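**Q** First residue of the sequence shown: 0, per numbering that gives the first Met the number 0; consecutive thereafter.
Ideal Cβ positions, reconstructed from N, Cα and C, are used throughout, including at glycine.
Keep in mind it's a predicted model, so treat the numbers as computed, not measured.
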Amino acid sequence: MDTTLSITNSSRLQVSEFILVGLPGIHEWQHWLSLPLALLYILALIANILILITIQHEPSLHQPMYQLLGILAIVDIGLATTIMPKILAILWFDAKAISLHECFAQIYAIHTFMGMESGIFLCMAVDRYVAICYPLQYSSIVNEASVIKATLSMVLRNGLLTIPLPVLAAQRHYCSRNEIDHCLCSNLGVTSLACDDATINRVYQLALAWVTLGGDMGLVFASYALIVRSVLRLNSAEATSKALSTCSSHLILIVFFYTAVIVLSVTHLAGRKVPFIPVLFNVLHNVMPPAFNPMVYALRTQELRVGFQRVLGLGENVSRK
0 MDTTLSITNS
10 SRLQVSEFIL
20 VGLPGIHEWQ
30 HWLSLPLALL
40 YILALIANIL
50 ILITIQHEPS
60 LHQPMYQLLG
70 ILAIVDIGLA
80 TTIMPKILAI
90 LWFDAKAISL
100 HECFAQIYAI
110 HTFMGMESGI
120 FLCMAVDRYV
130 AICYPLQYSS
140 IVNEASVIKA
150 TLSMVLRNGL
160 LTIPLPVLAA
170 QRHYCSRNEI
180 DHCLCSNLGV
190 TSLACDDATI
200 NRVYQLALAW
210 VTLGGDMGLV
220 FASYALIVRS
230 VLRLNSAEAT
240 SKALSTCSSH
250 LILIVFFYTA
260 VIVLSVTHLA
270 GRKVPFIPVL
280 FNVLHNVMPP
290 AFNPMVYALR
300 TQELRVGFQR
310 VLGLGENVSR
320 K
């Protein structure tokens, strides 16, 4: 009877916090990763803040294409800031404990910002589709009002559809294990610790990924397929080159983002044999796009480069050239 009572009491226990152990299998030297991760985070903050200041400062950049880029910069800052301070605290100060509420909030923020980034890429693809395939109607179709509506729809879509993830995770019972072999609170990593059945959590995350990321990816590549078809019909080589150059920056970022999503999904299949690989890819996927997105635009968009130079006090040199 005493044994039965003890088992019953232990099954009712609820852990009060989770422990983020870091990168599984390489705990001894994972602190060496703190420097490149910190540099990537600082680069992401500086570059995206510079993007926002430049777009705000330069009237010539008050166009839908650059407004969407500014929204992407805000999303990138939010995505990187959701995970990097905690990861650096783990690597530098061994601050591995995280409360249940903080962990569930991080799950919500990560998935919301990821869905927002995918949604903004879809808006960018549609913007380029209208600009190339319907140039005469572009100003009437794509304007400040349409950008605001598209942004609000992305915020509502991802903000609302992501709510069940932390809610379902909070309804699970965590009675024994509380160590997460990760640097951040991933939904599947957290719910795998539950003592009760977490099938609904896995099913909903899979459905959410297919509806948001999968749906966006299909529409993005459909848009670019129509763009390519329209460009190939142009008789002028110069016009073809100009049309492709207007969407090259978007296409580079979009291919990089969705390729990373696919690679991240595939690496989870190898997680049991080499567990730190999917964890590392998950971390990099949350910090590398925010760091490199502004660089791609800065290198490939002349108007933005000129705006950067003016904001940084190099306007006189630009004007002389």
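(1) To the nearest angstrom, how far is the alpha carbon of residue 122 from that of residue 71?
(2) Out of curiosity, what's the CA-to-CA distance linking residue 246 and residue 286?
(3) Less than 7 Å separating the beta-carbons of residue 184 and residue 132?
(4) To the nearest angstrom, how far is it from the Cα of residue 231 to the Cα of residue 80?
(5) What does a CB cutoff of less than 7 Å around residue 195 pick up in its chain, not counting 5 residues either side in sequence?
(6) Rounded to a whole number of angstroms, what is the C-alpha to C-alpha distance between residue 303 and residue 48?
(7) When the Cα of residue 115 is compared with those of 13, 256, 312, 83, which residue comes out closest?
(8) If you follow the alpha helix (DSSP H) that residue 116 is in, where does it begin and where does it stop?
(9) What would DSSP say about residue 205, mapped onto helix, strand or coil?
(10) When you compare each of 284, 238, 182 to residue 260 by their alpha carbons, which one comes out closest?
(11) Just the Cα atoms here: how many angstroms apart are residue 240 and residue 278?
(12) Could you say if the segment 156-168 and the segment 198-218 meet the contact criterion of at least three C-beta pairs nearer than 8 Å?
(13) Is DSSP giving residue 237 helix, strand or coil here?
(14) When DSSP labels each residue in this structure, what does residue 179 get in the three-state scheme?
(15) Secondary structure at residue 193, three-state DSSP: helix, strand or coil?
(16) I'd like to know whether the C-beta atoms of residue 126 and residue 23 end up nearer to each other than 7 Å.
(17) Find the nearest neighbour of residue 30 within the set 186, 176, 93, judged by alpha-carbon distance.
(18) Relative to the alpha-carbon of residue 250, which residue among 120, 87, 96, 68 has its alpha-carbon at the smallest distance?
(19) In the DSSP assignment, find the alpha helix (DSSP H) that holds residue 16 and state where it starts and stops.
(20) Comparing C-alpha positions only, which one of 192, 253, 252, 281 sits nearest to residue 265?
(21) Could you pull out every residue in the same chain whose Cβ sits closer than 6 Å to the Cβ of residue 108, ignoring the five residues on either side in sequence?
(22) To which residues does DSSP link residue 96 through a beta bridge?
(23) Distance, Cα to Cα, residue 59 vs residue 190?
(24) Nearest CA to the CA of residue 78: which residue from 146, 105, 53, 244?
(25) Report the three-state DSSP secondary structure of residue 300 (helix, strand or coil).
(26) Could you name the residues of the same chain whose beta carbon sits closer than 7 Å to that of residue 88, not counting the 5 residues immediately before and after it, in chain order?
(27) Mind checking which residues open and close the alpha helix (DSSP H) that includes residue 135?
(28) For residue 217, tell me which candidate among 150, 295, 117, 110 has the shortest Cα-Cα distance.
**A** According to the data block:
(1) 10 Å
(2) 24 Å
(3) No; because the gap between Cβ atoms is not below 7 Å, this pair is not in contact.
(4) 42 Å
(5) 171, 172
(6) 13 Å
(7) 256
(8) 99-132
(9) Assigned with DSSP and collapsed to three states, residue 205 falls in helix.
(10) For residue 260, the closest alpha carbon among the candidates 284, 238, 182 is that of 284.
(11) 40 Å
(12) yes
(13) helix
(14) strand
(15) Residue 193 falls in the coil class under three-state DSSP.
(16) Contact: no.
(17) The option with the nearest alpha carbon to residue 30 is 93.
(18) 120
(19) From DSSP, residue 16 is part of no alpha helix (DSSP H) but of the beta strand (DSSP E) over 16-19.
(20) 281
(21) 81
(22) 18
(23) 48 Å
(24) 105
(25) coil
(26) 94
(27) No alpha helix (DSSP H) contains residue 135, which DSSP labels as neither H nor E.
(28) 117
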